[in-house]
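A.B. asks:
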Amino acid sequence: MALVWKCEMFTLCNGFIRVGAARRGGDLPISRTHRIKRSRNQSCLQEIPYYEVADKLKELKFNPFRYRIAKVFTSSESGFMTFDDFLEMVTVMSDKAPLSSKLIWAFRIFDSNEDGRLCKEDLNVLLDVLSKKRLDQDLKDCLIDEVLNEADEDGDRVLTYSEFARVMTLHSGPEFIRSFSFRL
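In my numbering, the protein residues as written are -5 to 178.
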């Protein structure tokens, strides 16, 4: 007999989440580490460790930021992604999502130390991820200095969200939207 939970917008069936409109009938394989919560207000709430979403969602499979993306979209401190978190991630990563939404989430993804600004440390991590740690520190320092010289308007050697958004909008608009999207 198949294990099936019918929830508001998805079905868990034999180890797969069947997501209707969000995934156009696609399946997300899951494991036994998931938690099902029931409450009076919700028929059921599926929680999945964010790292499993990052590992199993084909749209993230080859993305060097896959774990960071899944973690940032996870609302609970326990590290379990809810279906609402998943829907928000898929919505923001849609090619139809507005640039403003994508910029907010991109900033959060790149803010690896989660202090609300992009500092040299964050940019260093960003370059390590993008280059697979193939750049020497001198070259990374030079690139980071160039980025900060161009984007840092107030000279504090960190990028605020508004400075990040201004530079991304000016220099990469449509290209950024294409690269910050899932192809579902």
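The C-beta atom is built at its ideal place from N, Cα and C for all residues, glycine as well.
Going by C-alpha distance, which of E71, I42, L93, R102 is nearest F59?
C.D. replies: By 1-based counting over the sequence shown, the position of residue 59 is 65. The residue with the shortest Cα to Cα distance from F59 is R102.
A.B. asks: List the endpoints of the continuous beta strand (DSSP E) containing M75.
C.D. replies: Here residue 75 is taken as the residue at index 81 of the sequence shown, counted from 1. From DSSP, the beta strand (DSSP E) with M75 extends over 74 to 76.
A.B. asks: Along the chain, which unbroken stretches of the alpha helix (DSSP H) at least 4 residues long are found entirely within the region 34 to 121?
C.D. replies: 44 to 50, 60 to 66, 77 to 86, 93 to 104
A.B. asks: Within its chain, find whatever has a CB closer than 8 Å to the CB of D146; leave out the 5 residues flanking it on each side and keep chain order.
C.D. replies: Taking the sequence shown and counting its residues from 1, the one referred to as residue 146 is at position 152. Within the same chain, D146 has close Cβ partners V152, L153, E157.
A.B. asks: Could you give the DSSP three-state label for L153: helix, strand or coil?
C.D. replies: Taking the sequence shown and counting its residues from 1, one reaches residue 153 at position 159. If DSSP states are grouped into helix, strand and coil, L153 belongs with the strands.
A.B. asks: Who are the Cβ neighbours of W99 in its own chain at under 6 Å, not counting the five residues just before and after it?
C.D. replies: Your numbering for residue 99 matches position 105 in the sequence shown. The answer, listed in chain order, is V86.
A.B. asks: How many Å lie between D139 and Q40 at the Cα?
C.D. replies: Counting from 1 along the sequence shown, the entry for residue 139 is found at position 145. Counting from 1 along the sequence shown, the entry for residue 40 is found at position 46. Near 44 Å, if we compare the C-alpha coordinates of Q40 and D139.
A.B. asks: Using the Cα positions of R172 and D89, report the straight-line distance between them to the nearest angstrom.
C.D. replies: Residue numbering aside, residue 172 sits at position 178 when the sequence shown is read from its first letter. Residue numbering aside, residue 89 sits at position 95 when the sequence shown is read from its first letter. Between R172 and D89, the C-alpha separation is close to 7 Å.
A.B. asks: Would you report the Cα separation of C38 and F77, rounded to the nearest angstrom?
C.D. replies: Indexing the sequence shown from 1 puts residue 38 at position 44. Indexing the sequence shown from 1 puts residue 77 at position 83. Since pLDDT at C38 reaches only 49, below the 50 mark, its modelled position is unreliable, and the value read off the structure follows with that caveat. Cα to Cα, C38 sits roughly 10 Å from F77.
A.B. asks: To the nearest angstrom, how far is the alpha carbon of A91 from that of D132?
C.D. replies: Position 97 of the sequence shown, counting from 1, holds the residue named residue 91. Position 138 of the sequence shown, counting from 1, holds the residue named residue 132. Cα to Cα, A91 sits roughly 37 Å from D132.
A.B. asks: Between R62, D135, T163, which lies nearest to N107 when the distance is taken from Cα to Cα?
C.D. replies: Within the sequence shown, residue 107 is the residue found at index 113, counting from 1. Among R62, D135, T163, the Cα nearest to that of N107 is on R62.
A.B. asks: Would you identify the three-state DSSP class for R128, choosing helix, strand or coil?
C.D. replies: Taking the sequence shown and counting its residues from 1, the one referred to as residue 128 is at position 134. Reduced to three states, the DSSP call for R128 is coil.
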